[in-house]
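Trainee:
In UniProt numbering, the protein residues as written are 1 to 340.
#1: Can you list, in chain order, the residues of its chain whose CB lies under 7 Å from that of residue 137, leaving out five sequence neighbours each side?
#2: Using a threshold of 8 Å, state whether the C-beta atoms of residue 218 and residue 193 are closer than that.
#3: Given a threshold of 16 other Cβ atoms within 10 Å of its Cβ, counted over all protein chains shown, does residue 260 qualify as buried or as exposed?
#4: Residue range of the alpha helix (DSSP H) that residue 33 falls in?
#5: Using 8 Å for Cβ pairs, my map puts residue 44 next to residue 69. What's the rounded Cβ distance?
#6: So, do the stretch 244 to 258 and the stretch 207 to 227 have three or more beta carbon pairs nearer to each other than 8 Å?
#7: Can you tell me where the alpha helix (DSSP H) with residue 301 in it begins and where it stops?
#8: Is the number of C-beta pairs between the stretch 197 to 204 and the stretch 234 to 248 that are closer than 8 Å three or more?
#9: From this set, 13, 51, 244, 34, which residue's C-alpha is nearest residue 88's C-alpha?
#10: Whole angstroms are fine: how far does the CA of residue 6 sit from the CA of residue 211?
#11: First and last residue of the alpha helix (DSSP H) that includes residue 179?
#12: Assuming residue 309 and residue 9 are in contact, meaning their beta carbons sit under 8 Å apart, how far apart are those beta carbons, in whole angstroms?
#13: Can you list, in chain order, the residues of its chain whose CB lies under 8 Å from that of residue 118, leaving out five sequence neighbours each side?
#14: Just how far apart, CA to CA, sit residue 19 and residue 53?
#15: When you compare each of 90, 269, 168 to residue 149 by their alpha carbons, which one comes out closest?
#16: Return yes when the Cβ of residue 213 is within less than 8 Å of the Cβ of residue 305, no when it is not.
#17: Assess contact between the stretch 128 to 135 and the stretch 145 to 160, defined as three or more Cβ pairs (one per stretch) separated by less than 8 Å. Is contact present?
#18: What did DSSP end up calling residue 227 once you bin it into helix, strand or coil?
#19: Pick from 208, 319, 290: whose alpha carbon is nearest that of residue 271?
#20: The beta strand (DSSP E) with residue 130 in it runs from where to where?
#21: Measure the CB-CB distance between residue 230 and residue 166 and report whether it falls below 8 Å.
#22: What's the C-alpha gap between residue 49 and residue 58?
#23: Whole-angstrom Cβ separation of residue 298 and residue 327, contact assumed at under 8 Å?
#24: Would residue 140 pass as a contact of residue 332 if the rule is Cβ separation under 8 Å?
#25: For residue 240 and residue 184, what's the separation of their Cα atoms in angstroms?
#26: Thinking C-beta only, is residue 338 closer than 8 Å to residue 28?
#27: Indicate whether residue 132 and residue 85 have their beta-carbon atoms separated by less than 8 Å.
#28: Along the chain, where does the beta strand (DSSP E) containing residue 187 start, and where does it finish?
#29: Buried or exposed, going by whether 16 or more other CB atoms sit within 10 Å of the CB of residue 23?
#30: Tell me the rounded alpha-carbon separation between residue 97 and residue 177.
#31: Let me check one thing: in DSSP terms, what residues is residue 97 bridge-paired to?
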């Protein structure tokens, strides 16, 4: 059966794109390289890390002394590799194909994106997978898989004139079915987060913890402008969860209180966690003590239902989120499978 493995399955590597574009974190780039070093170290303790970046940055990145970390000289425009990295598709437990979707920086918002779009094929080559070109333009953060063919996504990220002009929802679904093995697609269209420039990536809104557990971002503040849309997402998922097979439990994962930088709200969500196979889970934190602690505790409790020994670690993303992404956005998981 063709499928996209879930992120709680064993992983061969996690790909990271070294940060170098100051425009991603306007006037606040200085702490970002150290933030990436910390994240890389936490990942490398569980899974090999493959870092891509321009050759000229290899020395200044200062990663040579880190165990389980390999640098690849690949040009990039930006650091959000989740969105231009490949979608790895397996056949049973064997290596299959890696889909190289079209990429245009979230509907053409941030030119140039040519290096990021070209990096995908190079990642696939280094990974040793067979490359297949997808006809859709989309980002990896718009796709959330359960490992068995069920997919959560949003209409605003796929069926739009800025990404896939002329495509109907049915045609998009058929492409996801044919290339990635999607057997059930859930359109989570209640609403996105204010400040999210992706048009509503699902990895900020709802995530699978295991095939029978989903967490959904909500706001417990009825005056938060995010509140109503997130409540609609929750209700939509609860309605679906009782009709699908196997049935799914939906747990609320409250976002922290609104925080603004230079008058702009940042899209802080604990759904942007990074799962490193069965052994480690990294949870973004935002220096909102009570909300951070609740998210770590809830995600840990849910993850231990399937992986009792999993290590759950909070990772400070207070500075990283100014680039409008966190841990999941900054990484791309490569599953561990048998080579043909």
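We put the beta carbon where it would ideally sit given N, CA and C, even for glycine.
Mentor: Reading from the atomic positions:
#1: 101, 102, 103, 104, 163, 164
#2: no
#3: With fewer than 16 Cβ atoms within 10 Å of its Cβ, residue 260 is classed as exposed.
#4: 32 to 44
#5: 5 Å
#6: yes
#7: 289 to 303
#8: no
#9: 13
#10: 9 Å
#11: 169 to 180
#12: Contact flag wrong, Cβ pair sits at about 16 Å.
#13: Cβ neighbours of residue 118 beyond the five flanking positions: 75.
#14: 8 Å
#15: 90
#16: yes
#17: no
#18: helix
#19: 208
#20: Note, residue 130: beta strand (DSSP E), 130 to 137.
#21: no
#22: 14 Å
#23: Approximately 16 Å separates the beta-carbon atoms of residue 298 and residue 327; this is outside 8 Å, ruling out the contact.
#24: yes
#25: Approximately 11 Å, taken between the alpha carbons.
#26: no
#27: Not closer than 8 Å, so no.
#28: Membership of residue 187 in the beta strand (DSSP E) is indicated by the continuous run 184 to 187.
#29: exposed
#30: 14 Å
#31: Its beta-bridge partners are 89, 130.
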